[in-house]
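The next block holds one structure in the form of structure tokens; read it before the comments.
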Amino acid sequence: MRALVALARSRGAQTAAIGSGRDPLARESVRAIADAWERAGGEMARELTWPETAASWLRQATRFAAAEADLWIMHGPPLGWAQMTRRLLWSTPWQPAHTLLTGAVSDRRTLDLVGLHNLPGISGVTRDGDTWHLGPDDHIVTATRT
24 MRALVALARS RGAQTAAIGS GRDPLARESV RAIADAWERA GGEMARELTW
74 PETAASWLRQ ATRFAAAEAD LWIMHGPPLG WAQMTRRLLW STPWQPAHTL
124 LTGAVSDRRT LDLVGLHNLP GISGVTRDGD TWHLGPDDHI VTATRT
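In this text, residue positions in the sequence shown follow the numbering used here: the first is 24, and each later residue adds one.
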């Protein structure tokens with residue numbers, strides 16, 4: 024969590040929107056991230072959940088993208104994240120480059136559910152606390168902690 028907050032701060036973010044799936048663990052994780060963000064002096068623009076399965080994620084995607092935030096933070100579980108991300112891409116002005124992913128959705132298999140070519144500039148933190156970003160030619164660049 025510390026690495027995620029530090030990464031957000033390194034981008035100059037003051038206000039964040041955080042979204043996740045609706046299972047209890049995801050909700051608990053998002054609450055912890057929001058608390059850490061606020062302790063670090065950040066403001067929350069929105070906390071939003073989405074279902075793992077739905078006919079459409081349009082309502083949630085529209086609300087998430089409309090948040091007046093400097094940065095969007097997304098958490099899992101993976102399948103719901105992928106569906107929500109596709110809807111964000113198809114139906115909103117949301118930009119992956121303004122988004123950080125938690126370790127719950129930062130593995131290559133999860134990113135491939137959406138396709139790296141659809142996520143230019145997206146960044147995140149691995150489960151081990153290492154930061155990464157999607158570089159040119161859809162190459163994942165990882166920076167290990169020092």
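Glycine residues also receive a C-beta, built at the ideal position from the N, C-alpha and C atoms.
Here the structure is a predicted model, which is why all the values come from computation and not from measurement.
query: Do residue 155 and residue 122 have their CB atoms nearer than 8 Å?
result: Mapped onto the sequence shown, residue 155 falls at position 132. Mapped onto the sequence shown, residue 122 falls at position 99. No; because the gap between Cβ atoms is not below 8 Å, this pair is not in contact.
Handout entry: Any 3 or more C-beta pairs closer than 8 Å across the region 51-58 and the region 86-95
Key = no
TODO: Determine the direct distance from the alpha carbon of residue 159 to that of residue 48, and round the result to whole angstroms.
DONE: Mapped onto the sequence shown, residue 48 falls at position 25. Mapped onto the sequence shown, residue 159 falls at position 136. Computed Cα separation, rounded: 34 Å.
TODO: For chain B, find out if any of its Cβ atoms is closer than 8 Å to the Cβ of residue 24; answer yes or no.
DONE: Annotation note: the requested chain B is absent from the structure, which comprises a single protein chain.
Fill in: Coil, strand or helix - residue 68 by DSSP
Taking the sequence shown and counting its residues from 1, one reaches residue 68 at position 45. Strand at residue 68.
- [ ] Hey, could you find the ends of the beta strand (DSSP E) residue 41 is sitting in?
- [x] On the sequence shown, position 18 is the one that residue 41 refers to. Segment 38-44, the beta strand (DSSP E) holding residue 41.
| query | Should residue 100 and residue 120 be called a contact, given that it needs their Cβ atoms to be closer than 8 Å? | reply | Position 77 of the sequence shown, counted from the start, is the residue given in the question as residue 100. Position 97 of the sequence shown, counted from the start, is the residue given in the question as residue 120. No. Outside cutoff.
- Jot down the residue ranges of each uninterrupted beta strand (DSSP E) in the region 54-130, minimum 3 residues, whole runs only, in chain order. 66-73, 94-97, 122-124
- residue 106 to residue 75, Cα distance in whole Å? Numbered from its first residue, the sequence shown carries residue 106 at position 83. Numbered from its first residue, the sequence shown carries residue 75 at position 52. Cα to Cα, the separation comes out at about 8 Å.
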